[in-house]
Structures are given as C-alpha cells and as structure tokens.
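Engineer:
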DNA sequence: TTGTAGGCGTTATCAG
DNA sequence: CTGATAACGCCTACAA
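Chains as they are written, first to last, in full-length UniProt numbering: chain W, 1 to 347; chain U, 1 to 347.
Quick look at the structure:
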C-alpha cells in the first residue's frame, strides 16, 4: 500500500523546505523556474494530490454539502437529489446524504453529526414526524451556528431560511379545473393524513377550484389515507360507496391504486372516472391507463436549492437580516395522459 | 453567527491548558474531579462539539464512505443505497454519493475527487461506459493507494477487491424454469445491448434453462434494446412478428412495455403470454397485471457491501493477499404475481 | 494533577 | 528566491 505522498515527503526528497514545495506546486513566481519545474515533475511522478482534509481544516470550508431527506427510495426525492448532485458537482462540491426515514430523532442526529464541520451547508426536506411535532429547534440551532440552510418541498414557515417549493395550491387548482373543463363535477380527493404541509396546500387548491366553479365542497368525497402503510380496506369502501366522476390524488401511488379499484368495479377510465395524480414518476408513465400527472420538476428544484445554498456558502451574508432569505417557487405543470379526457377546445 | 467553540476557547476562558480541557472532556482521571466537572459544565453550556475535520486529520479516518453509482433515479440502485446508508449510519459513518451518469470520465473524476482524503473507502457499481471500455485503471489506482473498495452488482473480474453480486445466472434459470413448468415453451428474452455483465449473466442463465429442458435456443426470440433511450419501434416489430408464449426481461421497464404491447395486440396475460422481469420495483407491484419479478434484494446487497467495506476500513488487512478478497452472493428470489400462471402442483 | 510540545497536511506571512 | 514560523483544532506522550 503506497500511502499518499505529502508536501513534507517531497521536501525531504528534494532537500527543500515545505513552503517552497507548496508554492512551487501552485506555480508561484516567488520560486525560480528551475526549482518549480523540478518540484512539479517530482510531484507528478509520485502522483501527489493535496489532502482535502488538511485543506478543509485550514480553510474552514469542506466543499461538502449535507442533504437530509425523509426517504431515498422515492421518485420525487431522488429526482431532487439528482438536481442537487449535478449542480453541486459542477461547482466542485460533494454531497453527503442522510436519510431521516421520516423520523424526528434521526433527522436531529444526522444533522448534529454533520454540523460539526463535515459540511458547509444543508439542503433538506422535513421528515413527516418533524412536521407533525412542529419542533424545529435543531434547524434553528444550525442556523445560529451560521451554517446556511435551504429547505425544499417539505418546508415550514417557522424557520427563517431559503426555501424552494412548488406552487402546490395553484397546481392542485389547475388540475381540478382541468377536470371540471372536461365536464366532471363530482371530484374526489385522495390525500394523506393532513400534517404534511404540501398535502394541506393541495387540498386548499382543490377546495378553491371547486368554490370558484360553484361546486360545493363535499367532505364525503375526501379520502384520507395513512401516510406510510397501505390501508386497502378504507379505499375499497370509499370506491364502493361514493359516487364521483373524477379523482385528484396527492401522489401517484394512491392514484394508481384507485384506478385499479375503479377498474375492478367496472368503471371505465377516463370515461366514467378520470384520474390526476401528483408526482410524475415511473408509475404515471407506465400504468394502464397512463396517468395524467402534476410534474413537480424535482431536478429543477434540486438545482435551485443547490444554487441558493452554494450562493450563501460562498458569499458572506448577514443571517440576521430576514430580508435576505428567498423562497423560490418552481411551477408545476400538468402532463396529460390517458387517465383524463382531453379538455374542451380552446382551453 | 456564533461560530463553534473550540478547546482553545474553553481553555482560555477557564484559564487552563488545552490538553487539560481535552482530557477533562473525555473524563480522563488524570484530571481532578473538580476541574473535570467545571470544564464539562462549561462545555455543555456553550454546546461544545469536537470538530470532525480536525479529528479526521489527526486520525487519518474520515468516517465517510464514498458511493459511486451510475444513476440515482433508479429503483435498484436507490434500494442498495438505502442498505448502505442504514448500515453505515449505524456504524457512525456518513455516505458521500457521486453519480457517474454511466460515464467513464465522471466516474474517474468523482473517484479522484474523493480519493484524496475525503473518504475511508469506496462502494461502487461500474458505469456502463466503463464496462464497455474495460478500463479499470482508476480502480486499481485507488486500490494501490490502500483505499478499500467494494464493487456491487456491476462488477468486473479484472479488479481484485471485495464484491457483492446476485446469482444472476441462476436466478434467470429459475425464472425460465418457472415459465417452463407452467407449460410455456417458446420463451422470449428482452435484454439490453450486451456489454453489461449482469445482462450477459442473465442471458446465460436463460440459455442454460432452455438447454436443460431440451428447448432449442432461438436467436429470433431475443430482443436486444439500446440501454438508455426508448426504442419503441424495435419492440413493436418484435411483438408483431414473433410468436412466443412467455417473456423474460432483464428489467421491469422492458417487461412493462412489453405487456402493454402484448395487450394492445389482443394477447391475454398470462394465458397467452406470461411475463417475468428482473428488478422488483414499483412498476412490478403496481402494473396491470402485476408483474412476476426477480427480487434482487438491493437493501440486503447494500448492507452487505457496507459491512465488507467497513470491515476492511477498521481492521488492518493485507491488500496484496488476493485470498483476502471475498465475493458475497445475494440470492435473488422470484416474487410471483399476476403476470405468470401458477406453477404445476408440487413445484 | 496539570501543562508543554509535537504532529496530522496545508497555507500564509514574514524574515532572510 | 527560499525558508522558518504559526495557524487551522485536536490528541497524546512526556515533562513538571
């Protein structure tokens, strides 16, 4: 095992001082052409590479960014991560990922682990449990330490920092309007238990669209499913006992399961029931019928978050000035597929 | 911004030496109970946390592991990653992810970036381009530097290191045998262009199963699709012009697309054509019909890879001894769903 | 019981 | 042009 060679090694071999080597390797013209070349040749020969850790210690910059997400086996987060990774890599940063598994404790532990010098800043989406508890002390503490923080998608008003969100409410409205335009009036909503901020926003948009079109909100047309595990019975009852001609779902899995149930009961899609889901993932593209879907442009979101974060990391800023925090909104867009009827002409 | 407090700060405030503080904080009984308590109280009060970077520099251990994978928006890799992350986290390690995007150059650049002290070891799956070129110099170099390396799934014989693979050949055989047992004889294979080691192994298993059951291999029943982008026309022709009663696909996407085409042409699944795919992801679970699938147990693979790596990292080992390298085989299993007929009794 | 000194690898400042 | 020194934050052998 040939351990990595250091400046000191080179200095010893070439009988010069460490500082001469250091300067020579950065081509400083403090050093004579001769020695410079000699040193550079030697370094190349022995494949010298500066030690990142030492440089980090010196600069107090690690060129690492920490990403804390609730789940990695999840199309949307994965997509955002790709956006982050690409942008960060382009800027010479590496990305450390920690998965909170929707657990408050893990989120806290992971952040503490990273906050002690391992990273220059955080990008994160809150775990479900954190949102449920509404406890954001760990985020505030990180902010107090002067570590830049960017929240995306699963955000909260209670922490002053940069944020990247999609226009959930508006996107839900537009989806519902799309259904209304194609002649649907009894529109169901499938959502999860409501402590997730994004779900709440989507429900808000759903209600507003109904209201705007003079359709009364009907609570019996809202199916609230538990977040994590499958509860097939609830859904079955819902589909058997309620009459509706369209469904908006806050994610694609609920939509796909809904379509399967509807077909099982003999409904045609989209003629009898149309479906629109959030999260434009694999399932939407490959289901039968293919699912009309609200694309969240995760990769763009990730890139945006990374851009904000690295901006803060590299340019000194005043973290006490609330005006310096931005919230970027990524506009979702509706991808029309087989599960909805085409809208009326001109719409 | 209250920067993190250091040993030196504590020492200055309490008018003791840095080493006293250091020892006191690790409860060394070299230090009097009195000073110990005073120092610990002070440290707690100011929320002292040792600086990871400094510790890394001192110990030459970063407690980071580098994961290099071809793609993150990919169910299998994501699953493996989860296994790695969980195991590593449990052992106090963080995970730095780099995505090679199937590109040789990015793979090399990423590894060089990390190999200069940022990580204690690598876990990786080779990019398609790397396998195509067969150039593994960068891996060898890492190994020479004494950095432990574990390859998973996309491996090569040409680099001596620990490996984690699934029994691709055998799994493909078993899948084909499953089809044969349910009465199918003309079994098609959908695979990708063949420079991927895993695909080659699966094809081998496919052929062997046929042979073992006296079914002649028919090259016209093999559809080879390009790796990255969709080539719908090739598939359509294949489904229109060839007659077969079952399909084995090396991934779930090809299988799902195949099922859609087959249904479009009026075939019933599984009565007319059964399907089995590799990669037991979302699509397999939620497609219509649901897809019988070879589960690769990615999470288990990831955990295994992390275990091997951390083992090497923490226990000195002799990297010149080829006998010290292990290849762990994770056994795939067949998840039966609607896209295949149940096997005959007793099988 | 406490403190000093040296080192991990690098860089910046200043002296020669 | 070159080198000595200090510093980043921490640890530890050794001295007092």
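Ideal Cβ positions, reconstructed from N, Cα and C, are used throughout, including at glycine.
1) Going by DSSP, what residue range makes up the beta strand (DSSP E) through residue 224 of chain W?
2) Taking CB distances under 8 Å as the criterion, tell me whether residue 282 of chain U reaches chain W.
3) List, in chain order, every chain W residue whose beta-carbon is nearer than 7 Å to that of residue 231 of chain U.
4) Against residue 136 of chain W, what residues of chain U qualify as contacts under a CB-to-CB distance less than 8 Å, listed in chain order?
5) Would you tell me roughly how many angstroms separate the C-alpha atoms of residue 250 of chain W and residue 82 of chain W, rounded to the nearest one?
6) Keeping to the same chain, check which residues put their C-beta closer than 8 Å to that of residue 334 of chain W; ignore five residues upstream and five downstream.
7) Look up residue 169 of chain U in the DSSP assignment and say whether it is helix, strand or coil.
8) Among U/220, U/218, U/110 and U/254, which residue has its Cα nearest to the Cα of residue 199 of chain U?
9) Look at residue 142 of chain W and residue 330 of chain W and say whether their C-beta atoms are less than 8 Å apart.
10) Give the straight-line distance between the Cα atoms of residue 181 of chain W and residue 205 of chain W, rounded to the nearest whole angstrom.
11) Would residue 71 of chain W and residue 30 of chain W qualify as a contact pair, given that the criterion is a beta-carbon distance under 8 Å?
12) Would you identify the three-state DSSP class for residue 304 of chain W, choosing helix, strand or coil?
13) Along the chain, where does the beta strand (DSSP E) that runs through residue 293 of chain U open and close?
14) Between the C-alpha atoms of residue 241 of chain W and residue 89 of chain U, what's the straight-line distance to the nearest angstrom?
15) What three-state label does DSSP hand residue 3 of chain W in the structure shown?
16) Does chain W have any CB closer than 8 Å to the CB of residue 113 of chain U?
17) Taking only the alpha-carbon atoms, compute the straight-line gap between residue 8 of chain W and residue 17 of chain W and give it to the nearest angstrom.
18) Would you grab the beta carbon distance between residue 301 of chain U and residue 80 of chain U for me? Rounded to a whole angstrom, and I think it's under 8 Å.
19) Could one say the Cβ of residue 241 of chain W lies closer than 8 Å to chain U's Cβ atoms, at least one of them?
20) To the nearest angstrom, report how far apart residue 328 of chain W and residue 162 of chain W are at their CA atoms.
21) Could you tell me if residue 268 of chain U is buried or exposed, where buried requires 16 or more neighbouring beta carbons within 10 angstroms of its beta carbon?
22) With distances taken from CA atoms, which of W/37, W/122, W/115 and W/118 is nearest residue 68 of chain W?
23) Does residue 347 of chain W get closer than 8 Å to chain U when you measure Cβ to Cβ?
24) What does residue 50 of chain U reach in chain W if we use C-beta pairs closer than 9 Å?
25) Helix, strand or coil for residue 262 of chain U per DSSP?
26) Residues of chain U with CB closer than 7 Å to the CB of residue 19 of chain W, please, in chain order.
27) Using 10 angstroms around the beta-carbon of residue 270 of chain U, count the other beta-carbons present and answer buried if the total reaches 16, otherwise exposed.
28) Taking the alpha helix (DSSP H) that residue 188 of chain W falls in, what are its first and last residues?
29) Would you call the stretch 147-161 of chain U and the stretch 121-139 of chain U in contact, with 3 or more CB pairs under 8 Å?
30) List the residues of chain U that residue 57 of chain W touches, going by C-beta distances under 9 Å, in chain order.
31) Under the rule that 16 or more other beta-carbon atoms within 10 Å means buried, what is residue 297 of chain W, buried or exposed?
32) Check whether chain W comes within 8 Å of residue 199 of chain U, counting only Cβ atoms and requiring the distance to be less than that.
33) Helix, strand or coil for residue 116 of chain U? Go by DSSP, reduced to three states.
34) So, with DSSP's three-state summary, where would you put residue 127 of chain W?
35) Starting from residue 68 of chain U and walking both ways along the beta strand (DSSP E), at which residues does that stretch end?
36) Between residue 288 of chain W and residue 288 of chain U, how many whole angstroms is the CB-CB distance? I'm expecting something under 8 Å.
Structural biologist: Let's see:
1) Residue numbering aside, residue 224 of chain W sits at position 224 when the first chain is read from its first letter. For residue 224 of chain W, the uninterrupted beta strand (DSSP E) segment begins and ends at 222-225.
2) Numbered from its first residue, the second chain carries residue 282 of chain U at position 282. With a threshold of 8 Å between beta carbons, residue 282 of chain U makes contact with chain W.
3) Here residue 231 of chain U is taken as the residue at index 231 of the second chain, counted from 1. Here the premise fails: no neighbours, minimum Cβ distance about 16 Å.
4) Sequence index remark: in the first chain, residue 136 of chain W carries index 136 (1-based). Ordered by position in chain U, no residue passes the 8 Å Cβ test against residue 136 of chain W, which lies about 17 Å from the chain.
5) Residue numbering aside, residue 250 of chain W sits at position 250 when the first chain is read from its first letter. Residue numbering aside, residue 82 of chain W sits at position 82 when the first chain is read from its first letter. A straight line joining the alpha-carbon of residue 250 of chain W with that of residue 82 of chain W spans about 22 Å.
6) Taking the first chain and counting its residues from 1, the one referred to as residue 334 of chain W is at position 334. These residues qualify, in order along the chain: 171, 174, 175, 178, 276, 292, 293, 294 and 295.
7) If you number the second chain from 1, residue 169 of chain U lands on position 169. Residue 169 of chain U falls in the helix class under three-state DSSP.
8) For the purposes of this step, residue 199 of chain U is taken as the residue at position 199 of the second chain. Considering only alpha carbons, the answer is U/254.
9) Counting from 1 along the first chain, the entry for residue 142 of chain W is found at position 142. Counting from 1 along the first chain, the entry for residue 330 of chain W is found at position 330. Result no, Cβ atoms of residue 142 of chain W and residue 330 of chain W do not sit closer than 8 Å.
10) For the purposes of this step, residue 181 of chain W is taken as residue 181 along the first chain, with counting starting at 1. For the purposes of this step, residue 205 of chain W is taken as residue 205 along the first chain, with counting starting at 1. Rounded to the nearest angstrom, the two C-alpha atoms are 16 Å apart.
11) If you number the first chain from 1, residue 71 of chain W lands on position 71. If you number the first chain from 1, residue 30 of chain W lands on position 30. It is not a contact, given that the beta carbons lie outside the stated cut-off.
12) Along the first chain, one-based indexing puts residue 304 of chain W at 304. Shown here, residue 304 of chain W sits in a helix according to DSSP, grouped into three states.
13) Walking along the second chain from the start, residue 293 of chain U turns up at place 293. For residue 293 of chain U, the uninterrupted beta strand (DSSP E) segment begins and ends at 292-295.
14) What you label residue 241 of chain W is simply residue 241 of the first chain in a count that begins at 1. What you label residue 89 of chain U is simply residue 89 of the second chain in a count that begins at 1. Distance between the alpha carbons of residue 241 of chain W and residue 89 of chain U: 46 Å.
15) Within the first chain, the letter at position 3 stands for residue 3 of chain W. Of the three classes helix, strand and coil, the one that applies to residue 3 of chain W here is coil, per DSSP.
16) The residue labelled residue 113 of chain U in the question sits at position 113 within the second chain. Yes, contact with chain W.
17) For the purposes of this step, residue 8 of chain W is taken as residue 8 along the first chain, with counting starting at 1. For the purposes of this step, residue 17 of chain W is taken as residue 17 along the first chain, with counting starting at 1. Computed Cα separation, rounded: 8 Å.
18) As a position in the second chain, residue 301 of chain U is number 301, starting the count at 1. As a position in the second chain, residue 80 of chain U is number 80, starting the count at 1. The pair is a contact, with the Cβ atoms about 5 Å apart (cut-off 8 Å).
19) Locating residue 241 of chain W in the first chain gives position 241, counting from the first residue. Not flagged as an interface residue toward chain U: residue 241 of chain W, since no C-beta distance is shorter than 8 Å.
20) Within the first chain, numbered from 1, the residue matching residue 328 of chain W stands at position 328. Within the first chain, numbered from 1, the residue matching residue 162 of chain W stands at position 162. Residue 328 of chain W and residue 162 of chain W: Cα-Cα distance of roughly 8 Å.
21) Looking up residue 268 of chain U in the second chain gives position 268. Of the other Cβ atoms in all chains shown, fewer than 16 fall within 10 Å of the Cβ of residue 268 of chain U; this residue is therefore exposed.
22) Position 68 of the first chain, counted from the start, is the residue given in the question as residue 68 of chain W. Cα-wise, what sits closest to residue 68 of chain W is W/122.
23) Counting from 1 along the first chain, the entry for residue 347 of chain W is found at position 347. Note that residue 347 of chain W scores 39 on pLDDT, short of 50, meaning its location in the model is unreliable and no value can be drawn from it.
24) Along the second chain, one-based indexing puts residue 50 of chain U at 50. Listed along the chain, the chain W residues whose CB falls inside 9 Å of the CB of residue 50 of chain U are 116 and 117.
25) As a position in the second chain, residue 262 of chain U is number 262, starting the count at 1. Reduced to three states, the DSSP call for residue 262 of chain U is helix.
26) Taking the first residue of the first chain as 1, we reach residue 19 of chain W at position 19. For residue 19 of chain W, no chain U residue has a C-beta closer than 7 Å to its own C-beta; the minimum C-beta separation is roughly 19 Å.
27) As a first step, residue 270 of chain U must be located in the second chain, where it is residue number 270. So residue 270 of chain U ends up on the buried side.
28) To locate residue 188 of chain W, count along the first chain from 1; it is residue 188. Unbroken run through residue 188 of chain W is the beta strand (DSSP E), 187-192; no alpha helix (DSSP H).
29) Short answer: they touch.
30) To locate residue 57 of chain W, count along the first chain from 1; it is residue 57. By Cβ distance, chain U contributes 51, 53, 54, 56 and 57.
31) The residue labelled residue 297 of chain W in the question sits at position 297 within the first chain. By the 10 Å Cβ count, residue 297 of chain W comes out buried.
32) One-based indexing of the second chain puts residue 199 of chain U at position 199. Closer than 8 Å to the CB of residue 199 of chain U there is not a single CB belonging to chain W.
33) Taking the first residue of the second chain as position 1, residue 116 of chain U is located at position 116. Secondary structure of residue 116 of chain U (DSSP, three-state): coil.
34) Translated into positions along the first chain, residue 127 of chain W becomes position 127. Coil, per DSSP.
35) As a position in the second chain, residue 68 of chain U is number 68, starting the count at 1. Residue 68 of chain U -> beta strand (DSSP E) spans 64-69.
36) As a working mapping, residue 288 of chain W is identified with position 288 in the first chain. As a working mapping, residue 288 of chain U is identified with position 288 in the second chain. In this structure residue 288 of chain W touches residue 288 of chain U by the C-beta definition: roughly 5 Å separates them, less than 8 Å.
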